[in-house]
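The block underneath contains the structure these notes are about, expressed in structure tokens.
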Amino acid sequence: MTSQYHAVQEAWRKDPFGFWLDAARGIDWTKPPETAFDADGGVYGRWFPDGELNTCHNAVDRHVIAGNGARSAIIHDSPVTGSKRTISYEALLAEVKALALTLTELGVAMGDRVIIYMPMIPEAVFSMLACARIGAIHSVVFGGFAAKELAARIDDAAPKLVLSASCGIEPTRKVEYKPLLDKAIELATHKPGAVIVKQRPELEAALIDGRDHDWEALRAKAMAQIDAGTDVPCVPVKATDPLYVLYTSGTTGKPKGVVRDNGGHAVSLHWSLKNIFDTDAGETFFCASDVGWVVGHCYIVYAPLLRGATSILFEGKPIGTPDAGTYWRVVAEHGAKVLFTAPTAIRGIRKEDPEGEMPKRYDLSKFTALFLAGERADPETLLWAENALDRPVIDHWWQTESGWPIVANPLGLGLMPIKRGSPTVPMPGFDVQVLDPHGQPVGANDMGAIAIKLPLPPGALPTLWNADERFRESYLSQFPGYYATSDAGFLDDDGYLYVMGRTDDVINTAGHRLSTGEMEEAVGTHPAVAECAVIGMADDLKGEIPCGFVVLKKGTDKDRATIEKELVAIVREQIGPVAAFRQVLVVDRLPKTRSGKILRRTIKAIVDDQPFDTPATIEDPAALDEIRTIVRDQ
């Protein structure tokens, strides 16, 4: 199939506003927009300023109204609890209505904020949709997040109510949520008026009289009211009204609340699931993320449901629940057409299954493609996955702020040629350019700062929560007229983008600007390396020199000293002696966030003996201790 990408991209370039008004016709509106974009609204303009809609109606009600209520909406697959549950669109509507009624009776109204602090259970999805139904603004905080970090989000969002659960389940432990939530509310200046707790069979939490409510008791009461004739209609909101606020780490230590509006969000996600991920109504989509991250918001909850597809809600890990074949088991059992996960998950699977034997145990006949995003997908990981799966493995690149892929290989439009190491080409709406320090575009294949010419498309953040000026300073001030992504890279002669790392991951070695991502790519070609991270280490003579940390594949029989020497030789051969890559250390695991991003800045702080705060999102603090010990002993 010849890709339609260039024709679609040209249609957007010729008439960007007409393009998005046309895409908006895929959404149900209580008041259809006549104006695509108001350049004078908000910080840099607002999409569909005269439109009104309800996101919950578009994600749930309209499919039931169309006669598709029996279709599966959510498949909850939880290997950590041994449970599975399929929820139809009709059943989803009943649950969402009941919770929406409960929220309303507890005083939550349009524009109020609700914090959702939950594990990967269906009630987390009900919570998001119930808020959307009544026009409340939800803010999902990753379940198990530290009390201090949760308190900061409570103070910033000022929620009227918190929806939570008694615990989350990890492969080797239970994470008690309620004590963390109680401590966060104690620390916060703002005090939510009520807390609703879903008690899980694995652990029951103590409830505080007068503030806390049992989920099931309130659900039973609301269901009875609805059965008796109480209606819970969807509340129409402006397209420019916020649907949710999602917090991302700020450099000042204060979290940044990324705002997502209702109209642009619905239009962009509805368009992207079909055109980028080639998934439509009645098909099954498996996004192995968490609802606490933007990927979970967009491609576990909203995009599949807006499209009328079936979404797999997975409560488990890529390895250890029970083995490195769990993703392939889920894909086969539920007939997933597409899997979307993080490169670090595939690297973890590759480490446990270096020969790629696990996928052969399962019937993957309905499976068409693997999508990767979250951090750079190195070519060796892509090659391993291609060989193991015999399917396209598609890297794509986006951010919490963008809300959907900035650069991708659009499977639904017909695949472009895959170039390993590149997430491929910009999607309609994203005018991606690579700039020098003065804001001028650089030539093809020249490294620079990746920026997006304003306006950002529908679905991208219009601002930060109660912080327009901070939004301008953080994203729009470096290059006037552009959104600064804080990533560095280059565009090749075919217009393919290569994202080589954060701008502060480009190091200066004796006057030479070098990409740590390029060095990681070279290190990853060694047959014994499962994953790696290269950081810039302070050096009195050269300013910075690279230092590598590598995790080896299971069953590697070479000694570490030999491997370290071979890695130095590989970088010298592929990049040249100018890289000055002489220091490489083997570790058992790399420190990562729960979403799979390697904590390169924190590793650099340890190597340079600089103070740092352990990131709140860290998955395994012991990984930092290992690096501290290894660095100290060098």
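Just add 12 to wherever you are in the sequence shown, counting from 1, and you've got the working numbering. C-beta: ideal position from N, C-alpha, C; glycine also. Given the structure is predicted, the values throughout are model-derived calculations rather than measurements.
Taking buried to mean at least 16 other C-beta atoms within 10 Å of its own C-beta, is residue i buried or exposed?
| i | result |
| --- | --- |
| Gly574 | Before going further, note that residue 574 is Thr rather than Gly in the sequence given. Per the 10 Å Cβ criterion, exposed. |
| Asp458 | exposed |
| Ala78 | exposed |
| Arg231 | buried |
| Asn274 | buried |
| Thr184 | exposed |
| Pro4 | Residue 4 falls outside the range modelled here, since the chain spans only 13 to 646, and no answer is possible. |
| His450 | exposed |
| Met531 | buried |
| Asp499 | buried |
| Met512 | buried |
| Ala236 | exposed |
| Glu117 | exposed |
| Pro45 | buried |
| Asn66 | buried |
| Lys268 | buried |
| Glu135 | buried |
| Asn478 | exposed |
| Pro469 | buried |
| Phe689 | In the structure as shown, the chain starts at 13 and stops at 646, and residue 689 therefore has no counterpart that could be examined. |
| Ser139 | buried |
| His647 | Nothing can be reported for residue 647: it is not among the residues displayed for the chain, which extend from 13 to 646. |
Please list the terminal residues of the continuous beta strand (DSSP E) segment that includes residue i.
| i | result |
| --- | --- |
| Ser486 | Neither: Ser486 is in no beta strand (DSSP E) and is coded neither H nor E. |
| Thr98 | Ser95 to Ser100 |
| Ala381 | Ala381 to Leu384 |
| Thr125 | The question names Thr, yet the displayed sequence has Arg at residue 125. That run of the beta strand (DSSP E) goes Arg125 to Tyr129. |
| Gln445 | Asp443 to Leu447 |
| Leu509 | Leu509 to Arg514 |
| Ala534 | First-last for Ala534: Thr528 to Val535, but that is the alpha helix (DSSP H), not the beta strand (DSSP E). |
| Gln595 | Gln595 to Val598 |
| His69 | Counting along the chain, His69 falls outside any beta strand (DSSP E), and DSSP gives it neither H nor E. |
Three-state secondary structure (DSSP) at residue i?
| i | result |
| --- | --- |
| Ala500 | strand |
| Val541 | strand |
| Phe352 | strand |
| Asp407 | strand |
| Cys246 | coil |
| Gly205 | coil |
| Val643 | helix |
| Val120 | coil |
| Gly548 | strand |
| Glu64 | strand |
| Asp664 | No statement about residue 664 is possible, as the shown extent of the chain runs from 13 to 646 and does not include it. |
| Ala573 | helix |
| Ala463 | strand |
| Lys609 | coil |
| His150 | strand |
| Ser414 | coil |
How is the alpha helix (DSSP H) around residue i delimited, first residue to last?
| i | result |
| --- | --- |
| Val137 | Pro134 to Ile146 |
| Val257 | Not the alpha helix (DSSP H): Val257 falls in the beta strand (DSSP E), residues Pro254 to Thr260. |
| His346 | Thr338 to His346 |
| Pro28 | Pro28 to Ala35 |
| Val174 | It is not in any alpha helix (DSSP H) - Val174 instead sits in the beta strand (DSSP E) that spans Leu173 to Ala177. |
| Ile238 | Trp227 to Asp239 |
| Asp168 | Ala159 to Ala169 |
| Val76 | Arg74 to Ile77 |
| Ile618 | Arg612 to Val619 |
| Glu198 | Tyr189 to Leu199 |
| Arg272 | Where Arg272 is concerned, there is no enclosing alpha helix (DSSP H), although the beta strand (DSSP E) it sits in stretches over Lys268 to Asp273. |
| Leu317 | Ala315 to Arg319 |
With a threshold of 7 Å (Cβ to nearest heavy atom), would residue i be considered close to the ligand ZN?
| i | result |
| --- | --- |
| Tyr374 | Although the ligand ZN was asked about, the structure shown includes no ligands whatsoever. |
Rounded to the nearest angstrom, how far is the Cβ of residue i from that of residue j, given a contact under 8 Å?
| i | j | result |
| --- | --- | --- |
| Gly276 | His75 | Not really, about 21 Å apart at Cβ, beyond 8 Å. |
| Ile639 | Phe561 | 7 Å |
| Gly415 | Val306 | 7 Å |
| Gly294 | Asp302 | So it is not a contact: roughly 25 Å between Cβ atoms. |
| Ala381 | Arg403 | 6 Å |
| Phe326 | Val350 | Not really, about 14 Å apart at Cβ, beyond 8 Å. |
| Asp375 | Leu394 | Actually they do not touch by this definition, with Cβ atoms about 24 Å apart. |
| Asp620 | Ala550 | 5 Å |
| Ala36 | Val279 | 5 Å |
>> Under 8 Å: do the region 569 to 588 and the region 600 to 615 share three or more Cβ pairs, one atom per stretch?
In response: They do not touch, by the three-pair rule.
> Does the count of Cβ pairs from the region 42 to 61 and the region 463 to 480 closer than 8 Å reach three?
Replying inline: yes
> Touch check for the region 486 to 502 and the region 454 to 468: three-plus C-beta pairs under 8 Å?
Replying inline: yes
>> Can you confirm whether the region 95 to 109 touches the region 123 to 132 when touching is taken to mean that 3 or more C-beta pairs between the two stretches lie within less than 8 Å?
In response: no
> Three or more C-beta pairs closer than 8 Å, one from the region 161 to 174 and one from the region 207 to 216: is that the case here?
Replying inline: yes
> For the region 210 to 222 against the region 187 to 195, are there 3 or more C-beta pairs whose distance is under 8 Å?
Replying inline: yes
> Is the region 81 to 90 close to the region 325 to 340, with three or more CB pairs under 8 Å?
Replying inline: yes
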